[in-house]
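Asker: For the sequence shown, this note's numbering gives the first residue as 315, with consecutive numbering after it.
By construction, the Cβ of each residue, glycine as well, lies at the ideal position given by its N, Cα and C atoms.
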Amino acid sequence: MTETPKRPKSNSRLIALCVNGEWHEVTVKPRHMLVEVLREMIGLTGTKDGCEQGTCGACTVLLDERPVLSCMTLAADCDGRQLRTVEGLAEGEKLSVLQQAFLDQGAVQCGFCTPGMLLSATALLERTPKPTTDEIKKALEGNLCRCTGYNAIVAAVLQASDQGVTPLMK
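#1: Would you call residue 367 buried or exposed, if buried means 16 or more other Cβ atoms sit within 10 Å of its Cβ?
#2: For residue 380, tell me which candidate among 457, 417, 437 has the shortest Cα-Cα distance.
#3: In angstroms with no decimal places, state the Cα-to-Cα distance between residue 452 and residue 371.
#4: Among the candidates 449, 454, 330, whose CA atom is the shortest distance from the CA of residue 391?
#5: From the DSSP output, in three-state form, read off residue 343 for me.
#6: Go ahead and label residue 457 buried or exposed: buried means 16 or more other beta carbons lie within 10 angstroms of its beta carbon, across all protein chains shown.
#7: Who are the near neighbours of residue 470 in its chain, counting only those whose CB is closer than 6 Å to its CB and skipping five residues on each side?
#8: May I ask you to verify whether the segment 405-415 touches the segment 345-364, counting CB pairs closer than 8 Å and requiring at least 3?
#9: Could you check whether residue 423 and residue 461 sit closer than 8 Å to each other, using their CB atoms as the reference points?
#10: Among 353, 446, 332, 401, which one has its Cα closest to the Cα of residue 429?
Here it is as structure tokens:
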């Protein structure tokens, strides 16, 4: 009689993530990226999986209120931490001031980059309530947009920061 081959022990582990104020427990493998967990395990598909290389910024989320690329962040490293995704920006049915400004300025076209742009801009506005145009451009430099250019996006952030930018689309 031959011996049953030894199987490797599972290296999966249970982690807890506080996403948009709600705790989720998920079992992850060491290789699972945060974007996978958010989209496939928790069901929050607003975070986009664009390049899987950390170059487009579509997967940007806030981890402990700082923007991170969720395609480059291991989910296991987020155990016990606070996350905010685009789904956590609106207050019920009411868009956030920044989300409304994106609509008002026509800063949304195909929409693929929008969640990442919104999270990067949210982080900026929370630490710098009245940013300059240069500060906005710097905060968004890790987010690529092929549709709008960036003028409408910068205008949306300026509008949201109450700096006298008039809505274009009202």
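Answerer: Let's see:
#1: exposed
#2: 437
#3: 13 Å
#4: 330
#5: coil
#6: It is buried - the Cβ of residue 457 has at least 16 other Cβ atoms within 10 Å.
#7: 415, 416, 419, 421
#8: no
#9: yes
#10: 401
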